[in-house]
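Asks: These protein sequence lines map, in sequence, to chains W and Y. If you count the first sequence from 1, you need to add 21 to reach my numbering. If you count the second sequence from 1, you need to add 283 to reach my numbering. Quick reminder that beta carbons are idealized off the backbone N, C-alpha and C, glycines included. One structure coming up, written as structure tokens, with questions to follow.
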Amino acid sequence: MMIPSALAGVDVGGTFTDVFVLDEVAGTATVAKVPSTPHNQAEGFLAGLEAGAGSLDRLATVVHGTTVGTNALLERKGGVTGIITTAGFRDVLEMRRRDRPRTWGLWGTFEPVVPRDRRLEVVERTLADGTIRAAIDPEDVKAAARTLIDRGCEAVAIVFINAYANDANERAALDAVRSVWPNEHVTASHAIVPEIREFERTSTATLNAYLQPTVGRYIGRLEAALQDRGSAAQVLIVQSNGGVMTVGTARQFPVRTTLSGPAAGVIAAAHIGDAAGYPNLVTCDMGGTSFDVSLVAGGQSALAAQTSIAFGMVIRSPMIEIITIGAGGGSIARVDAGGLLQVGPESAGSDPGPVCYGQGNDRPTVTDASLVLGRINADRPIGGKLDRLDLEAARRAVSAHVSEPLGLSSPEAGAEAIIHVANAKMAGAIRLVSIERGHDPKDFVAVPFGGGGALHAGALIRDVGLKKALVPRYPGVTSALGCTIADLRQDFVETWNTLLDSLDTDALSKAIQALSDRGTATVTGAGVALEGVATLVELDMLYVGQTHTVAAPLSVPAGGVVDRAGVQAAFEAAYVATFGRLLSGIAMRVMNLRVAVVGKRPRFDLALLAPSADATMEDARRGIRRVYVDGGWHETAIYDRLALPVDATIDGPAILEQSDTTILIEPGLVGTVDRFGNVLIGEKNG
Amino acid sequence: MGTIDPVTLAVLNGRLEQIADEMDATLFRSAFNPIIAEAHDASHGLYDAITGETLVQGKSGLPIFVGAMAFAVKAVIDKVAKDGGLADGDVYIFNDPYAGGTHLSDFRLVRPVFRDGEVFCYLASVGHYHDVGGNVPGNYNPVATECFQEGFLMPLVKLFEAGRFRQDIVDILQANSRLPGSLYGDLNGQINALDLGVKRLVDLLEQYGEATVKTAFIELKARAAALMRAQITDLPDGTYRAQDFLDNDGIVDEPLPLALAITVAGDRLTLDFTGSAPGCLGPVNIARSTTVAACYVAMKHVFKEVPANAGVLEPIDFVIPEGSILAAEAPRPVGGYTETILRLIDMVFQSLAQAAPERVNGCAYGTINALSLTGHRADGRRWVMFSFFGGGHGGHPEGDGLNHGNAPISTATIPPLEILEAAYPVVFRQWALRDDSGGPGRHRGGLGAVYEIELLEEKADVFLFGERGRFPPPGVVGGWPAALNRFSYPTPDGEAQPPMASKMVDIKIKRGQAVRLETPGGGGYGPPEERDPHAVARDVRLGFVSSSSARDAYRVVVGDDGTLDGPATAGLRAGKAA
């Protein structure tokens, strides 16, 4: 029997399961793509691992980006869940923050994952200053728990008003519930997000409980299946914050997995960019229905404090900030009644998909436009599901729905209009995360991944004024690759809600130390090889009277003692960077303390992915095809992307093909292959 | 005028919207008062250099401002035409409700963007300040009879003169507010938003050229008008009428009738308000410009696709009687403008329901319920807790109305009760959905809410400005009305309700006492006896509908255990049909 040494990343998406297997001892990296198995993701997971690794015996560690949690939320397939809450407040989950789904039109509806007859109240109350006004009676709580069990609940969330200020009642209730609850699926709000704002805390705690049975069962199946096959590999799960956690932590906090796969993609892009000498990136993941953008500045991903999975389904937990707009390959183009060309957000998705898939959709999509323009190859559809694409159907759809209503002379002109408008929407999303956050686009490089991004990268860098585009060697398995390099990470938040002038810096220093110690114990106890452990500290601060906070990163000096002047300086620096001007004479408030403990995992040398030394331009040529760019047809050289040698230089117009993506180099742009096999696209004279 | 290709037009449409959106976001993030920061009671946009018409408006601001801001910019244009002296770097500031304003709380900043020595367009920012003087903290004074009791009025003056900041103006503003720090912070946020808008617009002009962008403005308006005309053409010709009432004006306890006749003729609409009450003593008057803006909001809720620019109003004619409650002039009080415009929106839904039942919804809860609690802390500091409260949305063709939504004129979220409890000496006893408050219907109206607030300090004064205490939110297409708004407070003789139903000032409460607000749900959609009996039984099980309402309104019999009594229901419903 061989000694397990390989590391595998597995990203399970809606259509495909991607696998990246790295064996540094053997000096090999392999990729695999197998169909996902939505009815039981574990099957696709194992099939992918076997395809990628050959034998499971080789695997020491498997790091997993999963959509099981996200899908359970979107499809409402979590466990039957109950809530135990403060008397008078059982409806907080359903009342939300008094919002509506859309600004215009009043046709919203909202069905919470826990209906009112499973939201029970107990007498207890904590005041905003932490005073216990009414202590709980554990017998009341046990009675409520038993009622929920009788009503079929397999999970329960305990959420008390003002538990962020004092969690004593919640802790007592947690003990009481545990004493009668038949399983581990019990979530208390203070344990998951001890932060002010009752709806966000309720929603997060409830969704966590709701996911515990589903995610717990899924992890159990994975582990059992690996054991059945004799594998002793350790399984780690990617979190929404871009770090990984043990399966034990994932079972306890499944709500942290909701952006698991996308987060892994951003982590991979950050690593690839950094290795290639570009620490400032905009990652662009273009799929069938959406375009996801995220910013990496100085090698660090931007984090958001919360997200909404759907209307009213709020999760408050640090996660990689990803802006999603409805512009994917399946986005439908149409001319509205006012005569304006619109692309998306309506999408044909992957089923029925674009017109050219021949599966019943007759309205043109972005992919159809690319096909009409010769940018994608009708005979080599990416993904391998279809044998060929129906070019004529795509031309007819573009003509009928776009060219004719707009008075354009040809299907090509209509198709190019669709691409321009789609590009403009994507460029808007990139501006949102870059220019609007005060960054200069000239310092940033676009990293397209997913199936469609590389077709648009050249146009996007020109529109927004980005420095370059960097297309990773295996854009279709970027998230899987990211799984193998993500660090271990544990985030904490505590609400302090105190004036800077009366901040107890000794207590703050102690709190930072305590959280740092806890996090360090967690990451070092995971049994994963680490290069080191780092603690990141941030304070959410604001001027008194404001309600939105600014995150002020705090460098904690050796010995871990912070002082008031340092806190003020950190806030003012962050405030100026965000808004431009400080406000004089107004007191400052410290709202939340955030501590992240990161266990750094060793990162492999991406040169492992480099093209082989005997690759040549000649071998990479695949001939010439007519491609429509800049208003006309161009005889365009086609290359096999993976066969290109290091330092290859290709002037646009050119098309580089590989099994999971197509790269367009537009006229005036040039593509080069770096020593890792990345393709860099930039202005010829840039 | 030049020409523009359809692709550039679509691209510029997105770029211009992004500029307005980014201005919104800048103010929301940096604002001091929660009415802007959390409730998004603010708006930004780009406006025509000559007419002031809306060119582009941000998507996240308060919907009512989408219609109203054009009148504010027009007021600046008129002033400049009269007085001259407009310079690059000028910023006007004002809150005059009779010159393109709404009510005194809303402060407008208007800034010209110059190119080659001429005004290319205007940028404007509006935000609702926390306190602008007057008799009632927070400025919702339900017993005002002149605007002077509602707050201070700032006429059009320059906050910046050719780029020079005028501290004296800020001194005047701050001296007239109970919360000068909050005002200063919000004002700075607005200045930041305008600075950013100018920067982004100039970048865009450098990239595309003035001529192209100007042509895009013209084309986008034309296309919005074409889109609106296409929607109107789909409606059957005819005249569709609705009448509704305001409870009272807060001074005289008499209902105020409002009347609307919508005439569809080909691709044009006429909205005729003849028959509406004359101008009233109390603060529910609105300026003519506000009436137009409210109709714009209603149209955008029905015709969701039309963009936010002036073209939408082009195929619409208005008949607004002079001297009516809908065409107020100084100094008639306008502080409660939100209540009147909500009623106008309800009337548009009710009249269009006759023309296009598949496009409309039952009326929403229809009142802003501006509730303030104010007092002094033990150390003498003043506190003012001011917030708007939510209610139900109407049932609609696709389903039941949303529970606890925000007002149709707004996208405001409500502050978390934990934030309110941390900031003010209050404790909520209840924050819940209000049972039996949704209007019965095939698709039930959403539920309103119950908020019960107890005082933790020694004493406080309470002010309420609400509506729908006498006339409930109507249903449409056979749907029933929702529950009435209800407010109660403690007195030595027990619990009491305001004599004017939902408007009252200077209610005195003491430590340990509480006030209770119960808000309306939304009106129903379609006849309630057509509702799926299983859905009614579920509502009863969840407590959303009482078993007596199930029987009386829905003609559904639900047992004590919450299960549907099928035979009894069939009998009851058959009896109705016979």
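Are the stretch 239-247 of chain W and the stretch 59-74 of chain W touching by the rule of at least three beta carbon pairs closer than 8 Å?
Replies: Taking 8 Å as the limit for Cβ pairs, the verdict is that the stretch 59-74 of chain W does touch the stretch 239-247 of chain W.
Asks: When you compare the CB of Gln473 (chain Y) with every CB in chain W, is at least one pair closer than 9 Å?
Replies: The residue labelled residue 473 (chain Y) in the question sits at position 190 within the second sequence. No - not a single Cβ of chain W is within 9 Å of the one on Gln473 (chain Y).
Asks: Kindly identify the DSSP beta-bridge partner or partners of Pro773 (chain Y).
Replies: Your numbering for residue 773 (chain Y) matches position 490 in the second sequence. According to DSSP, which records beta bridges pairwise, Pro773 (chain Y) is partnered with Y:Glu778.
Asks: On the CB-based measure, 16 or more other CB atoms within 10 Å of its CB, does His386 (chain Y) come out buried or exposed?
Replies: For the purposes of this step, residue 386 (chain Y) is identified with residue 103 of the second sequence, where counting begins at 1. Flag for His386 (chain Y) reads buried.
Asks: Could you give the residue range of the beta strand (DSSP E) that holds Pro540 (chain Y)?
Replies: Walking along the second sequence from the start, residue 540 (chain Y) turns up at place 257. That run of the beta strand (DSSP E) goes Leu539 to Ala548.
Asks: From the DSSP output, read off the bridge partner residues of Met787 (chain Y).
Replies: Here residue 787 (chain Y) refers to the residue found at position 504 of the second sequence. Paired residue(s): Y:Leu747.
Asks: Hey, does Glu115 (chain W) have any beta-carbon neighbour from chain Y nearer than 9 Å?
Replies: Position 94 of the first sequence, counting from 1, holds the residue named residue 115 (chain W). So, interface residue.
Asks: Under the rule that 16 or more other beta-carbon atoms within 10 Å means buried, what is Trp202 (chain W), buried or exposed?
Replies: In the first sequence, counting from the first residue as 1, residue 202 (chain W) sits at position 181. The residue is buried, with at least 16 neighbouring Cβ atoms inside 10 Å.
Asks: Run through chain Y and tell me which residues come within less than 7 Å of Val442 (chain W), C-beta to C-beta.
Replies: The count along the first sequence starts at 1 and reaches residue 442 (chain W) at position 421. Within chain Y, the residues near Val442 (chain W) are Val290, Ala293 and Val294.
Asks: Would you tell me roughly how many angstroms separate the C-alpha atoms of Pro816 (chain Y) and Pro755 (chain Y), rounded to the nearest one?
Replies: Taking the second sequence and counting its residues from 1, one reaches residue 816 (chain Y) at position 533. Taking the second sequence and counting its residues from 1, one reaches residue 755 (chain Y) at position 472. Going from the Cα of Pro816 (chain Y) to the Cα of Pro755 (chain Y) covers about 25 Å.
Asks: Any Cβ of chain W within less than 9 Å of the Cβ of Asn686 (chain Y)?
Replies: As a first step, residue 686 (chain Y) must be located in the second sequence, where it is residue number 403. Cβ-Cβ to chain W under 9 Å: yes for Asn686 (chain Y).
Asks: Any idea which residues DSSP pairs Lys489 (chain W) with across the strands?
Replies: For this step, residue 489 (chain W) is matched to residue 468 along the first sequence. Looking at the DSSP assignment, Lys489 (chain W) forms a beta bridge with W:Val466.
Asks: Mind checking the stretch 555-567 of chain W against chain Y and listing, in chain order, the residues whose C-beta falls within less than 9 Å of any C-beta there?
Replies: Within the stretch 555-567 of chain W, the residues whose Cβ lies closer than 9 Å to some Cβ of chain Y are Tyr564, Val565, Gly566 and Gln567, listed in chain order.
Asks: What are the complete alpha helix (DSSP H) segments, minimum 4 residues, inside the stretch 226-308 of chain W?
Replies: Runs of the alpha helix (DSSP H) inside the stretch 226-308 of chain W: 268-273 and 281-296.
Asks: State whether the stretch 430-448 of chain W contacts the stretch 380-392 of chain W, with contact taken as three or more CB pairs (one from each stretch) at a distance under 8 Å.
Replies: In short, these stretches touch, since the Cβ pair count reaches three.
Asks: Excluding sequence positions up to five away, which residues of its chain have a Cβ less than 8 Å from the Cβ of His211 (chain W)?
Replies: Here residue 211 (chain W) is taken as the residue at index 190 of the first sequence, counted from 1. Result list for His211 (chain W): Ala184, Tyr185, Asp188, Glu191 and Arg192, in chain order.
Asks: Between Thr519 (chain W) and Asp584 (chain W), which are expected to be in contact by the criterion C-beta below 8 Å, what is the C-beta distance as a whole number of angstroms?
Replies: Start at 1 with the first residue of the first sequence, and residue 519 (chain W) comes out as number 498. Start at 1 with the first residue of the first sequence, and residue 584 (chain W) comes out as number 563. That belief does not hold up - the Cβ atoms of Thr519 (chain W) and Asp584 (chain W) are roughly 15 Å apart, past 8 Å.
Asks: In whole angstroms, give me the CA-to-CA distance for Gly99 (chain W) and Pro234 (chain W).
Replies: In the first sequence, counting from the first residue as 1, residue 99 (chain W) sits at position 78. In the first sequence, counting from the first residue as 1, residue 234 (chain W) sits at position 213. One C-alpha to the other measures close to 7 Å.
Asks: Report the partner residues of Cys866 (chain Y) according to the DSSP bridge assignment.
Replies: No statement about residue 866 (chain Y) is possible, as the shown extent of chain Y runs from 284 to 861 and does not include it.
Asks: Around the C-beta of Pro775 (chain Y), are 16 or more other C-beta atoms found within 10 angstroms, so that it is buried, or is it exposed?
Replies: Taking the first residue of the second sequence as 1, we reach residue 775 (chain Y) at position 492. Per the 10 Å Cβ criterion, exposed.
Asks: Assign Ala480 (chain W) to one of three DSSP states: helix, strand, or coil.
Replies: For the purposes of this step, residue 480 (chain W) is identified with residue 459 of the first sequence, where counting begins at 1. Reduced to three states, the DSSP call for Ala480 (chain W) is helix.
Asks: Just to confirm, are His584 (chain Y) and Pro691 (chain Y) a CB contact at a threshold of 9 Å?
Replies: Here residue 584 (chain Y) refers to the residue found at position 301 of the second sequence. Here residue 691 (chain Y) refers to the residue found at position 408 of the second sequence. A contact, by the Cβ cut-off of 9 Å.
Asks: For Asp672 (chain W) and Gln255 (chain W), I'd like the C-alpha separation in whole angstroms.
Replies: Residue 672 (chain W) sits at position 651 when you count from the first residue of the first sequence. Residue 255 (chain W) sits at position 234 when you count from the first residue of the first sequence. Those two C-alpha atoms are separated by around 46 Å.
Asks: If you measure beta-carbon to beta-carbon, which residues of the stretch 753-771 of chain Y are closer than 9 Å to chain W?
Replies: Cβ contacts with chain W: none found.
Asks: By the 10 Å Cβ neighbour count, where 16 or more other Cβ atoms means buried, how is Leu603 (chain W) classified, buried or exposed?
Replies: As a position in the first sequence, residue 603 (chain W) is number 582, starting the count at 1. Exposed is the call here.
Asks: Identify whether Ala861 (chain Y) lies in helix, strand or coil by the three-state DSSP scheme.
Replies: Within the second sequence, residue 861 (chain Y) is the residue found at index 578, counting from 1. Low local confidence applies: a pLDDT of 39 at Ala861 (chain Y) is under 50, so the model's placement there is unreliable, and no value is given.
Asks: Between which two residues does the alpha helix (DSSP H) containing Ala506 (chain Y) stretch?
Replies: Residue numbering aside, residue 506 (chain Y) sits at position 223 when the second sequence is read from its first letter. Looking at the sequence shown, residue 506 (chain Y) is not Ala but Arg. From DSSP, the alpha helix (DSSP H) with Arg506 (chain Y) extends over Glu493 to Thr516.
Asks: Select from the stretch 232-255 of chain W all residues with a C-beta closer than 8 Å to any C-beta belonging to chain Y, and list them in chain order.
Replies: Here the close residues number zero.
Asks: Met562 (chain W) lies in the beta strand (DSSP E); which residues open and close that run?
Replies: By one-based count along the first sequence, residue 562 (chain W) stands at place 541. Per DSSP, Met562 (chain W) belongs to the beta strand (DSSP E) from Gly553 to Tyr564.
Asks: Kindly indicate the opening and closing residues of the alpha helix (DSSP H) around Ile9 (chain W).
Replies: It is not possible to answer for residue 9 (chain W), since the shown part of chain W is limited to 22 through 707.
Asks: Quick one: is Asp517 (chain Y) buried, meaning 16 or more other Cβ sit within 10 Å of its Cβ, or exposed?
Replies: In the second sequence, the residue the question calls residue 517 (chain Y) occupies position 234. Under this definition Asp517 (chain Y) is an exposed residue.
Asks: For Cys404 (chain Y), I'd like the list of residues in its chain whose CB is within less than 7 Å of its CB, leaving aside the five on either flank, ordered along the chain.
Replies: In the second sequence, the residue the question calls residue 404 (chain Y) occupies position 121. So the list reads Leu329, Tyr330, Asp331, Ala332, Leu338 and Val396, once near-sequence residues are dropped.
Asks: Pull up the distance between the alpha-carbon of Ala610 (chain Y) and that of Asn378 (chain Y), whole angstroms please.
Replies: Here the question's residue 610 (chain Y) lines up with position 327 in the second sequence. Here the question's residue 378 (chain Y) lines up with position 95 in the second sequence. Taking the straight line from one Cα to the other gives about 17 Å.
Asks: If we cut at 9 Å on Cβ distances, does Leu488 (chain Y) have a partner in chain W?
Replies: Translated into the one-based positions of the second sequence, residue 488 (chain Y) becomes position 205. It does not: the Cβ of Leu488 (chain Y) has no partner Cβ on chain W nearer than 9 Å.
Asks: From the DSSP output, in three-state form, read off Gln62 (chain W) for me.
Replies: As a first step, residue 62 (chain W) must be located in the first sequence, where it is residue number 41. Gln62 (chain W) falls in the helix class under three-state DSSP.
Asks: Under a CB-based cut-off of 9 Å, is Asn518 (chain W) close to chain Y?
Replies: As a position in the first sequence, residue 518 (chain W) is number 497, starting the count at 1. Chain Y contact via Cβ: present.
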